[in-house]
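> Can you read through this structure? Questions will come right after.
There are 2 protein chains.
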Amino acid sequence: MKQVKWGIVGTGNISTQFAQGLQFVDHAQIAAVASRSFEGAKAFAQKFDIPKYYSSYEDMAKDKELEIIYIGTPHPQHYENVMLFLEAGFAVVCEKPLGVNAAQTEKMIAKAREKNVFFLEGMWTRFFPAFKQAVEWVHSGRIGQPKLIQAVFGYDDSGDKRQWRFQHDMAGGALLDVGIYPLAMTFAMFGSDPAKVSTAACIENGVDEYNTFTFEYSDGRIAVLSDGIGIKLDNSVFIGGTKGSVLLGEGWWHPDRVEFAPWGDADTGISQDRDVFHQPYPSSGFQYEAEAVQRYFLDGRKEAPEMPLDETLKIARMLDTIRKKWPLLYREDEE
Amino acid sequence: MKQVKWGIVGTGNISTQFAQGLQFVDHAQIAAVASRSFEGAKAFAQKFDIPKYYSSYEDMAKDKELEIIYIGTPHPQHYENVMLFLEAGFAVVCEKPLGVNAAQTEKMIAKAREKNVFFLEGMWTRFFPAFKQAVEWVHSGRIGQPKLIQAVFGYDDSGDKRQWRFQHDMAGGALLDVGIYPLAMTFAMFGSDPAKVSTAACIENGVDEYNTFTFEYSDGRIAVLSDGIGIKLDNSVFIGGTKGSVLLGEGWWHPDRVEFAPWGDADTGISQDRDVFHQPYPSSGFQYEAEAVQRYFLDGRKEAPEMPLDETLKIARMLDTIRKKWPLLYREDEE
């Protein structure tokens, strides 16, 4: 089988992790990398033994040898990057969130559909076997009737507030950076149409350092979600139902382990009734998403069923809804 | 030293636990017990070797030998029970919540002050050494600047929905039964004057089976609190600050253990920097509250500093505020 040729946009930490993951995908080749910095592109190419490197995204977009483009730039740049490569006819995977707001997201999705190419918001969590097991346990009724989700994702990166995540004009803040994870996880488990949303945030210098939001569903289910970039939190996911719960621990956004705990068990401490799914993986874990993308691309599909574009748009609209309740508006919201 | 003579009102599970705790308080004697049921009072008296038992609260209220009354009846009965014994001039400890709503609570507190007797809402959590250590760690700045509380208290008692906690006309529901614990814990840690409150609840048959509420403080601190009687939750308390966190685990409302985790620690997994306060106790743990009550009573104090009456009233008002947002109104709210 021939090699599928990937192009990588951006040479930061997330692109590095993606490239590491790609090493574990059969028939995948990183054929090119692009960065605004010539030195950055060159160093990245040398590190991963990539034959071509570009110091211009526009130049790489002309490289007809490439097939799938991965975009790992900060999210304020996604719109421009994505539109460039979609317009040029490539299949595109872009890091989450696709856009700074729903308006950008909508335009990108429309462009992908117009060009009839594969397009995906890189919500990598949904591609992990342990996460798929969690979804299966919740949807199959193993926890009984699902009732409540509690999920937390917070880390403290406030040691250097000069970085882009703490800048208002870079659309910084916790919600877009990490809050999207508990949000997308909840949509996967409980669906994307909560009846009511409430939220609170601690905003410093124009970005939300931490926040919390609650979804109420029309049948009484509730999701209580918190996230932060300015404070380390007790990161976990609890999905409780009438018969038991599903638990994901620290690092749950790229899980190698998920636990099912039937009720009775938690009270008595008897552990033999528990069911643990544990599947360790090498490298960064991005191989699960990358492998799926490559397979769908080769099959001629235009979306990944794990993260449909319509749901990506619903997530983007919910991010807007939450943010505007605080309110926190970005420059892009005025365009 | 002479024995202090206690009278117990109600012979259910909570009174049993209180009586068990009293066995570990020096100079405390349970001198009488009262129940509407003669057989219930007699059985309770025999179990704890109590010399007198009454099948009428009014008869026990005439027993001038008694000094401190503990009231362990369901909360819709508290108002009548408390007023009877306060009117008769006794020191009174009543289970939480003091009243079904703030109006009842206000009248009880006014009566205690009019009679100039000791009065306490039995928020037992605040009397445990491990809880006092947690408060000290938060208030002393050991976790740095406090930022966020996450607290959960949920159990599943829905197997028998005929019991009073699931009855609307008994002022049932999760908030008054268990939600008051994370609420009172947050007030102890962050203060009793949040600037904004938001909440969601799942209400079935006129009672809240589970709910969540969020407090925003004017300086950006946030508390995210959830509770249930219709679903077991992942019970814990996390109090995060700029330098570290305080953690209380399952059963945190009567803790024998609290952990301080400095940041860096949680990331690296290095455990030697952690600080664990562990003080196991025998029996139910009610001895901490009972011992303090007896000491304050003997000292001629009218309130316990752990749970001042003004704060009890603020808690009652907050319970009203949350409940009326759903809305869930009880019969007592119309009186």
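Residue numbers (the numbering used here), protein chains in the order written: chain A, 25 to 359; chain B, 25 to 359. Ideal placement from N, C-alpha and C gives every residue a C-beta, glycine not left out.
1) Please tell me whether S222 of chain B has its Cβ less than 8 angstroms away from any Cβ of chain A.
2) Can you find a C-beta in chain B that's less than 8 angstroms from the C-beta of G244 of chain A?
3) Since Y205 of chain A meets chain B, which of its residues come closer than 9 angstroms, beta carbon to beta carbon?
4) Touching or not, the segment 231-243 of chain A and the segment 144-153 of chain A, by the rule of three or more beta carbon pairs under 8 angstroms?
5) Hey, how far is the Cα of R245 of chain A from the Cα of P170 of chain A?
6) At a Cβ cut of 9 angstroms, what residues of the segment 224-236 of chain A count as close to chain E, listed as they run along the chain?
7) When you compare the CB of E283 of chain B with every CB in chain A, is at least one pair closer than 8 angstroms?
8) Please report how far the alpha carbon of L272 of chain A lies from the alpha carbon of V106 of chain B, in whole angstroms.
9) Just checking: is the beta-carbon of D180 of chain A within a distance shorter than 8 angstroms of some beta-carbon in chain B?
10) With a threshold of 16 other CB atoms inside 10 Å of the CB of V300 of chain A, please say whether the residue is buried or exposed.
11) Pick from B:K135, B:F177 and B:I253: whose alpha carbon is nearest that of V261 of chain B?
12) Would you say G197 of chain B lies against chain A (beta-carbon separation less than 8 angstroms)?
13) Alpha carbon to alpha carbon, how far is I339 of chain B from A285 of chain B? Give it in angstroms, no decimals.
14) Below 7 angstroms CB to CB, which residues in the same chain sit around G36 of chain A once its five sequence neighbours on both sides are set aside?
15) Within a Cβ cutoff of 8 angstroms, which residues of the same chain sit near N140 of chain A, ignoring the five residues on either side of it in sequence?
16) Should N229 of chain B go down as buried or exposed, given a rule of 16 or more other Cβ atoms within 10 Å for buried?
17) At what residue ranges does the segment 216-272 of chain A contain a whole run of the alpha helix (DSSP H), taking only runs of 4 or more?
18) At 7 angstroms on the CB atoms, spell out the chain A contacts of L1 of chain B, in chain order.
19) Chain A beta carbons: is any one of them nearer than 8 angstroms to that of T238 of chain B?
20) Between G113 of chain B and F310 of chain B, what straight-line distance do the alpha-carbon atoms span, to the nearest angstrom?
21) Strictly by DSSP, which residues pair up with R281 of chain B?
22) So which residues of chain A does V116 of chain B contact, with C-beta pairs closer than 9 angstroms?
23) Hey, quick one: how far does the alpha helix (DSSP H) through P170 of chain A stretch, first residue to last?
24) Determine whether the Cβ of N262 of chain B lies closer than 8 angstroms to any Cβ atom of chain A.
25) Buried or exposed: which applies to M25 of chain B, given that a residue is buried once 16 or more other Cβ atoms fall within 10 Å of its Cβ?
26) Quick check: the Cα distance between I133 of chain A and L333 of chain A, rounded to an integer number of angstroms?
27) I'd like the span of the alpha helix (DSSP H) that includes G31 of chain A, first residue to last.
28) Going by DSSP, name the residue or residues bridged to I93 of chain A.
29) On the CB-based measure, 16 or more other CB atoms within 10 Å of its CB, does K86 of chain B come out buried or exposed?
30) Determine the extent of the alpha helix (DSSP H) in which I339 of chain A is found, giving its start and end residues.
31) Where does the unbroken beta strand (DSSP E) through V57 of chain A begin, and where does it stop?
32) If contact is defined by three or more beta carbon pairs under 8 angstroms, each pair taking one atom from either stretch, is the segment 74-90 of chain B in contact with the segment 344-351 of chain A?
33) A65 of chain A and I93 of chain A: beta carbons closer than 8 angstroms?
34) Within the same chain, show all residues whose beta-carbon is closer than 6 angstroms to that of A259 of chain A, passing over the 5 residues directly before and after it, in chain order.
35) Would you say I255 of chain A lies against chain B (beta-carbon separation less than 8 angstroms)?
36) Taking the CB atoms as reference points, tell me whether S222 of chain B and A224 of chain A lie closer together than 8 angstroms.
Result, derived from the coordinates:
1) Taking the first residue of the second sequence as 1, we reach residue 222 of chain B at position 198. It does; some Cβ of chain A falls within 8 angstroms.
2) Here residue 244 of chain A corresponds to residue number 220 of the first sequence, with the count starting at 1. Interface criterion met: the Cβ of G244 of chain A is under 8 angstroms from a Cβ in chain B.
3) Stepping through the first sequence from its first residue, residue 205 of chain A is reached at position 181. Those within 9 angstroms of Y205 of chain A in chain B number zero; the least Cβ separation is about 16 angstroms.
4) no
5) On the first sequence, residue 245 of chain A is found 221 positions in, with the first residue counted as 1. On the first sequence, residue 170 of chain A is found 146 positions in, with the first residue counted as 1. Rounded to the nearest angstrom, the two C-alpha atoms are 7 angstroms apart.
6) The displayed structure is made up of protein chains A and B, and chain E is not among them.
7) Taking the second sequence and counting its residues from 1, one reaches residue 283 of chain B at position 259. Chain A, which has no Cβ nearer than 8 angstroms to the Cβ of E283 of chain B, makes this no.
8) Reading the first sequence from its first residue, position 248 is the one you call residue 272 of chain A. Reading the second sequence from its first residue, position 82 is the one you call residue 106 of chain B. Cα-Cα distance, rounded: 46 angstroms.
9) In the first sequence, the residue the question calls residue 180 of chain A occupies position 156. Yes - at least one Cβ of chain B is within 8 angstroms of the one on D180 of chain A.
10) The residue you call residue 300 of chain A lines up with position 276 of the first sequence. Here V300 of chain A is exposed, its C-beta having fewer than 16 other C-beta atoms within 10 Å.
11) Start at 1 with the first residue of the second sequence, and residue 261 of chain B comes out as number 237. Minimum Cα distance to V261 of chain B is reached at B:F177.
12) Residue numbering aside, residue 197 of chain B sits at position 173 when the second sequence is read from its first letter. It does not; no Cβ of chain A falls within 8 angstroms.
13) Counting from one through the second sequence, the residue named residue 285 of chain B turns up at place 261. Counting from one through the second sequence, the residue named residue 339 of chain B turns up at place 315. The alpha-carbon atoms of A285 of chain B and I339 of chain B are separated by roughly 29 angstroms.
14) Sequence index remark: in the first sequence, residue 36 of chain A carries index 12 (1-based). Contacts found: G96.
15) As a first step, residue 140 of chain A must be located in the first sequence, where it is residue number 116. So the list reads K326, once near-sequence residues are dropped.
16) One-based indexing of the second sequence puts residue 229 of chain B at position 205. N229 of chain B should be labelled exposed.
17) none
18) Residue numbering for chain B in the displayed model covers 25 to 359; residue 1 of chain B lies beyond these limits and cannot be assessed.
19) By one-based count along the second sequence, residue 238 of chain B stands at place 214. Yes, T238 of chain B lies at the interface with chain A (some Cβ there is under 8 angstroms from its Cβ).
20) Counted from its first residue, the second sequence places residue 113 of chain B at position 89. Counted from its first residue, the second sequence places residue 310 of chain B at position 286. Their Cα atoms are separated by approximately 24 angstroms.
21) Position 257 of the second sequence, counted from the first residue, corresponds to residue 281 of chain B. Answer by DSSP bridge pairing, in chain order: B:H302.
22) Looking up residue 116 of chain B in the second sequence gives position 92. By Cβ distance, chain A contributes nothing, its closest Cβ being about 33 angstroms from V116 of chain B, past 9 angstroms.
23) The count along the first sequence starts at 1 and reaches residue 170 of chain A at position 146. Where P170 of chain A is concerned, there is no enclosing alpha helix (DSSP H), although the beta strand (DSSP E) around it starts and stops at P170 to G178.
24) Residue mapping note: residue 262 of chain B aligns to position 238 of the second sequence, counting from 1. Reading off the sequence shown, one finds Phe at residue 262 of chain B, where the question assumed Asn. Chain A, which has a Cβ nearer than 8 angstroms to the Cβ of F262 of chain B, makes this yes.
25) One-based indexing of the second sequence puts residue 25 of chain B at position 1. It is exposed - the Cβ of M25 of chain B has fewer than 16 other Cβ atoms within 10 Å.
26) Your numbering for residue 133 of chain A matches position 109 in the first sequence. Your numbering for residue 333 of chain A matches position 309 in the first sequence. Rounded to the nearest angstrom, the two C-alpha atoms are 7 angstroms apart.
27) Here residue 31 of chain A refers to the residue found at position 7 when the first sequence is read from its first residue. Taken as a continuous stretch (DSSP letters only), G31 of chain A belongs to no alpha helix (DSSP H), being part of the beta strand (DSSP E) at V28 to V33.
28) Counted from its first residue, the first sequence places residue 93 of chain A at position 69. Residue pairing for I93 of chain A: DSSP places it in a beta bridge opposite A:G31 and A:V116.
29) Counting from 1 along the second sequence, the entry for residue 86 of chain B is found at position 62. With fewer than 16 other Cβ atoms within 10 Å, it is exposed.
30) Against the first sequence, residue 339 of chain A aligns to sequence position 315. Boundaries of the alpha helix (DSSP H) harbouring I339 of chain A: L333 to K349, taken from the DSSP string.
31) As a first step, residue 57 of chain A must be located in the first sequence, where it is residue number 33. Looking at the DSSP string, the run of the beta strand (DSSP E) that includes V57 of chain A is A52 to A58.
32) no
33) By one-based count along the first sequence, residue 65 of chain A stands at place 41. By one-based count along the first sequence, residue 93 of chain A stands at place 69. No, they are not a contact pair.
34) As a first step, residue 259 of chain A is located in the first sequence; it is residue number 235 there, counting from the start. Here the sequence assigns Asn to residue 259 of chain A, which means Ala is not the residue at that position. Cβ neighbours of N259 of chain A beyond the five flanking positions: V176, F177 and E274.
35) Position 231 of the first sequence, counted from the start, is the residue given in the question as residue 255 of chain A. Chain B contact via Cβ: present.
36) Position 198 of the second sequence, counting from 1, holds the residue named residue 222 of chain B. Position 200 of the first sequence, counting from 1, holds the residue named residue 224 of chain A. It is a contact, given that the beta carbons lie within the stated cut-off.
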